[in-house]
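Just so you know, the protein sequences line up as chains Z and G, in that order. Quick note on this note's numbering: the first sequence kicks off at 14 and runs consecutively. Quick note on this note's numbering: the second sequence kicks off at 14 and runs consecutively. Notes for the one structure printed next.
Protein chains: 2
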Amino acid sequence: DIVRELENGCTSSALLHGLKVLITAGPTREPIDPVRFLTNRSSGKMGYAVARAAAQMGAEVMLVSGHVALDCPVGVRRVITESAADMLYATCEHAKQADLFIATAAVADYTPVDVADRKIKKNAATLHLEMKRTTDILATIKQEYPHLFTVGFAAETHDLMTYARSKLERKNIDMIAANSVAGGKAFDQPTNALEVVWKNGHTSLPEMDKQQLAEALMQLVAAQYNQRKLAQHDND
Amino acid sequence: DIVRELENGCTSSALLHGLKVLITAGPTREPIDPVRFLTNRSSGKMGYAVARAAAQMGAEVMLVSGHVALDCPVGVRRVITESAADMLYATCEHAKQADLFIATAAVADYTPVDVADRKIKKNAATLHLEMKRTTDILATIKQEYPHLFTVGFAAETHDLMTYARSKLERKNIDMIAANSVAGGKAFDQPTNALEVVWKNGHTSLPEMDKQQLAEALMQLVAAQYNQRKLAQHDND
């Protein structure tokens with residue numbers, strides 16, 4: 014059915030047709046010893062919803078995920094990673110072929126300086142854990158591949174829009190989707206709301222089911238991506 | 014069918030009939046800020062298998078669980094707890110009515126001294142996390158209820174039997190089930206092996222499915238519990 018195919022071509026279902034979308038999702042685990050680790054409350058639900066939405070819009074999706082209790086969405090390729098360093102490595106490996114990069118993962122900002130190779134015994138009354146900054150995945154990818162269309166996520170408990178706009182400019186990325194996590198909000202919940210910010214605009218996506226929200230977000234992403242492609246084409 | 018009931022009474026299916034069994038399971042989460050926390054690799058599978066086995070053997074089971082990706086076993090009552098302090102509180106609440114206490118949870122030994130009420134920003138190159146010892150749940154319960162029949166678990170990467178015997182004596186508990194977690198072994202796996210130690214004996218349960226293992230363990234527990242009851246009766 015040529016007519017139906019043409020019609021489909023005009024709907025959101027093919028907005029990302031033929032594009033390679035790389036997505037990170039979920040938390041990282043920073044080991045302290047073979048048993049204990051530092052992590053965060055990310056369930057991966059938002060990232061997995063974004064991966065599913067991108068695949069439904071015709072993209073070839075690669076998902077670099079932390080440990081989560083979610084199945085891989087249909088039509089999506091997935092690799093499971095452990096620490097921020099592991100996730101960085103896997104992301105770099107797949108960024109070369111990507112057209113869009115969407116960083117939804119809640120990557121640890123700090124990781125222990127030393128990892129004990131045996132379980133730390135609890136003899137001492139106190140324990141001092143020295144931690145160092147992890148390598149910023151978004152910044153690294155943007156430095157290696159400056160032309161890759163990049164969407165960041167920000168989870169903040171306070172001053173959402175200020176942080177979102179500052180992150181967009183500081184990291185020189187194309188779009189930021191920011192959500193409030195005050196009082197545990199957003200984590201492991203079926204719904205979420207997003208403030209989506211780009212260089213010369215922004216829009217509020219109100220609280221809704223994470224899958225619907227992911228579809229709305231991916232339509233905004235596709236629109237901005239296609240506008241940039243057209244602008245580049247005009248400049249050629 | 015009186016005959017069948019009598020027969021059942023003689024099999025393992027009713028060994029814990031009428032007894033109240035309190036079980037802790039899974040990891041705890043020690044918050045650093047509203048987003049980040051310290052935890053460990055416990056999946057809760059062994060504890061949930063023990064709860065299921067105890068219920069099948071006729072016990073009234075109360076499960077105090079950390080966050081896990083497991084459904085509550087049929088016939089078991091469950092409460093979900095967050096930190097070591099939360100788990101201690103819930104366990105104390107239910108210990109008063111219990112006949113047996115089986116501590117399978119992987120409780121954090123250390124918790125941050127300060128919990129930030131806002132997400133810690135990643136401005137600094139390093140982060141020092143000061144942690145203090147948590148209150149020992151097993152020791153607290155044993156102190157409050159010295160006559161409660163108590164089974165501890167030990168997950169060690171090295172010197173399994175030495176630690177198990179030392180824990181049994183130091184904490185003055187009735188039985189210890191110890192497993193090796195060297196190289197991530199046992200965590201989130203369907204199988205496990207246990208060294209079961211008590212005052213004047215020990216037995217090795219070889220690697221098998223966690224549910225079978227839990228049933229074998231609970232038969233040993235029931236045997237020791239019933240021996241102690243008989244001994245107390247003789248002394249009366």
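By construction, the Cβ of each residue, glycine as well, lies at the ideal position given by its N, Cα and C atoms. All figures in this text were calculated on a predicted structure; none of them were measured in a lab.
Residue burial classification, residue i (beta-carbon count within 10 angstroms, cutoff 16)
{"i": "residue 212/G", "result": "exposed"}
{"i": "residue 42/Z", "result": "buried"}
{"i": "residue 54/Z", "result": "buried"}
{"i": "residue 87/Z", "result": "exposed"}
{"i": "residue 183/G", "result": "exposed"}
{"i": "residue 252/Z", "result": "Here chain Z covers residues 14 to 249 and nothing more, so residue 252/Z does not appear."}
{"i": "residue 90/Z", "result": "exposed"}
{"i": "residue 31/Z", "result": "exposed"}
{"i": "residue 68/G", "result": "buried"}
{"i": "residue 171/G", "result": "exposed"}
{"i": "residue 131/Z", "result": "exposed"}
{"i": "residue 216/G", "result": "exposed"}
{"i": "residue 94/G", "result": "buried"}
{"i": "residue 155/G", "result": "buried"}
{"i": "residue 110/G", "result": "exposed"}
C-beta contact flag for residue i and residue j at 8 Å
{"i": "residue 142/Z", "j": "residue 125/Z", "result": "yes"}
{"i": "residue 206/G", "j": "residue 219/G", "result": "yes"}
{"i": "residue 178/G", "j": "residue 209/G", "result": "no"}
{"i": "residue 47/Z", "j": "residue 194/G", "result": "yes"}
{"i": "residue 98/G", "j": "residue 147/G", "result": "yes"}
{"i": "residue 245/Z", "j": "residue 65/Z", "result": "no"}
{"i": "residue 231/Z", "j": "residue 75/Z", "result": "no"}
{"i": "residue 114/Z", "j": "residue 108/Z", "result": "yes"}
Per-residue DSSP class, three states only, for residue i
{"i": "residue 79/G", "result": "coil"}
{"i": "residue 174/G", "result": "helix"}
{"i": "residue 27/Z", "result": "helix"}
{"i": "residue 154/Z", "result": "helix"}
{"i": "residue 161/Z", "result": "coil"}
{"i": "residue 183/Z", "result": "helix"}
{"i": "residue 60/G", "result": "helix"}
{"i": "residue 20/G", "result": "Here the model assigns residue 20/G a pLDDT of 47, short of 50, so the residue's position is not dependable and the matter cannot be decided."}
{"i": "residue 167/G", "result": "strand"}
{"i": "residue 121/Z", "result": "coil"}
{"i": "residue 54/G", "result": "coil"}
{"i": "residue 116/G", "result": "strand"}
Delimiting residues of the alpha helix (DSSP H) encompassing residue i
{"i": "residue 99/G", "result": "97-108"}
{"i": "residue 246/G", "result": "223-248"}
{"i": "residue 38/Z", "result": "Where residue 38/Z is concerned, there is no enclosing alpha helix (DSSP H), although the beta strand (DSSP E) it sits in stretches over 33-38."}
Same chain only: Cβ atoms within 7 Å of residue i, ignoring 5 sequence neighbours per side
{"i": "residue 165/G", "result": "116, 151, 180, 184, 186 and 189"}
{"i": "residue 233/Z", "result": "209 and 216"}
{"i": "residue 221/G", "result": "204"}
Boundaries of the beta strand (DSSP E) in which residue i is found, first to last residue
{"i": "residue 89/Z", "result": "89-93"}
{"i": "residue 8/G", "result": "Nothing about residue 8/G can be reported from this structure: the residues present for chain G run from 14 to 249 only."}
{"i": "residue 139/Z", "result": "139-146"}
{"i": "residue 190/Z", "result": "188-193"}
Contacting residues, own chain, Cβ-Cβ under 6 Å from residue i (five flanking each side not counted)
{"i": "residue 73/Z", "result": "33"}
{"i": "residue 169/G", "result": "176"}
{"i": "residue 101/G", "result": "148 and 150"}
Chain-order list of residues whose beta-carbon lies under 8 Å from that of residue i (same chain, five-residue window excluded)
{"i": "residue 242/Z", "result": "none"}
{"i": "residue 173/G", "result": "167, 191, 192, 193 and 208"}
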